[in-house]
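*Asks:* Just so we're aligned, residue 1 is where the sequence shown starts under our numbering, counting upward by one.
Don't be surprised by glycine CBs; every beta carbon is placed ideally from N, CA and C.
The structure's right below; bear with me while I get my questions together.
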Amino acid sequence: MARKFFVGGNFKMNPGSLEAKKAIVNVLNKADVDPNTEVVISPPALYLIPLVDFLRKDFSVSAQNCHEKLSGAFTGEISPTQLADAGVPWVILGHSERRTLFGENEKGEVRSIVAAKTKAALDAGLKVILCVGEKEEQREAGKTDEVVRSQLEPVFEVLKGDDAAWSKIVIAYEPVWAIGTGKVASPKDAQETHAATRKFLAERVSPAVAESTRIIYGGSVSAKNCKELSTQPDIDGFLVGGASLKPEFVDIINSKRA
């Protein structure tokens, strides 16, 4: 089954004004991009609604987080139903910067919250970019696959019996040591982790879900390294941080174009 190439741009808390953001999006709106690539842009929450209207219609918008409850006394949070109501179709969940912020530990409290958020987002009609990835010391200890599995396991549990839900999930493998550092996993290393993750999906859900689920790579992706990474059979796209704020993001979107 052919998996449509997927490129997400995570603006994080950048840039500092709506006008600066519009300047970045203007470049994307005017760009000649590969129609066979799905593109999703994720600005800070304050700019989601303006971007829904301003961004070209063949691209989509994503939130960077949501709460696991649909409503309630949760100051400063956004519910998945509110995102859906605002016309925001995607949400990024489990990004390592948020896992670290809330002190993920071996007992897995944060992992269970990410799983609950994933279930709530899907129930609200959103699609999810689900982030997983290991720290540098975990990779050096040979625990990459173990860490990725431990982060996915709570999601398997909350979605048990609902194979169709995986059609609305894109898994983003983002090694923590490569995010914003300039380091990048080699195409061989990234491919090995993606293939192992797909094998785990086949074991825990089904071979059909494993074959159809997109697994994308994130971590210092640039115009220089995207071409070689995109040739790997189990790398189905990218989640891009800093480079999504630059004109080279168009080159990354077009990395699979012949």
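(1) Which residues in the same chain have their Cβ closer than 8 Å to the Cβ of residue 191, if we skip the five residues on either side of it in sequence?
(2) If I follow the unbroken beta strand (DSSP E) through residue 61, where does it start and stop?
(3) Figure out for me which residue from 34, 71 and 20 has the closest Cα to the Cα of residue 47.
(4) Kindly list the residues whose CB is nearer than 6 Å to the CB of residue 73, restricted to its own chain and excluding five residues on each side of it in sequence; keep chain order.
(5) Residue range of the beta strand (DSSP E) that residue 238 falls in?
(6) Using a Cβ-Cβ cutoff of less than 6 Å, which residues in the same chain neighbour residue 196 once the five nearest sequence positions on both sides are dropped?
(7) By alpha-carbon positions, which one of 255, 76, 189 and 208 ends up nearest to residue 140?
(8) To test your reading of the DSSP string, which unbroken alpha helix (DSSP H) runs of 4 or more residues are found completely within the segment 65-110?
(9) Starting from residue 37, trace the beta strand (DSSP E) both ways and give me its first and last residue.
(10) Taking the alpha carbon of residue 95 as the point to measure from, which residue in 205, 110, 157 and 164 has its own alpha carbon closest?
(11) Nearest-angstrom Cα distance between residue 15 and residue 249?
(12) Alpha carbon to alpha carbon, how far is residue 224 from residue 158?
(13) Return the bridge partner residues of residue 131 from the DSSP annotation.
(14) If you draw a straight line from the alpha carbon of residue 61 to that of residue 136, how long is it in whole angstroms?
(15) If we ignore side chains and look at the alpha-carbon of each, how far apart do residue 163 and residue 209 end up?
(16) Pick helix, strand or coil for residue 11, following the three-state DSSP scheme.
(17) Looking only at its chain, what residues have a beta carbon closer than 6 Å to the beta carbon of residue 165, apart from the 5 residues adjacent to it on each side?
(18) May I ask you to report which of helix, strand or coil DSSP gives residue 49?
(19) With a CB to CB cut of under 6 Å and the five nearest residues on each side skipped, what residues in its chain are close to residue 44?
(20) Using 10 angstroms around the beta-carbon of residue 228, count the other beta-carbons present and answer buried if the total reaches 16, otherwise exposed.
(21) Return the CA-CA distance between residue 212 and residue 199, expressed in angstroms with no decimal places.
(22) Could you please give me the residues that DSSP links to residue 214 through a beta bridge?
(23) Note down the Cα distance separating residue 68 from residue 99, rounded to an integer number of angstroms.
(24) Counting along the chain, where does the alpha helix (DSSP H) carrying residue 154 start and finish?
(25) Quick check on residue 9: buried or exposed, where buried means 16 or more other Cβ atoms within 10 Å of its Cβ?
(26) Could you please give the first and the last residue of the uninterrupted alpha helix (DSSP H) stretch that includes residue 21?
*Replies:* Concretely, from the data shown:
(1) 232, 233, 234 and 235
(2) 59-63
(3) 20
(4) none
(5) 237-240
(6) 145
(7) 189
(8) 80-85 and 96-101
(9) 37-42
(10) 110
(11) 15 Å
(12) 39 Å
(13) 172
(14) 31 Å
(15) 7 Å
(16) coil
(17) 122 and 159
(18) helix
(19) 13
(20) exposed
(21) 12 Å
(22) 170
(23) 15 Å
(24) 144-158
(25) buried
(26) 18-30
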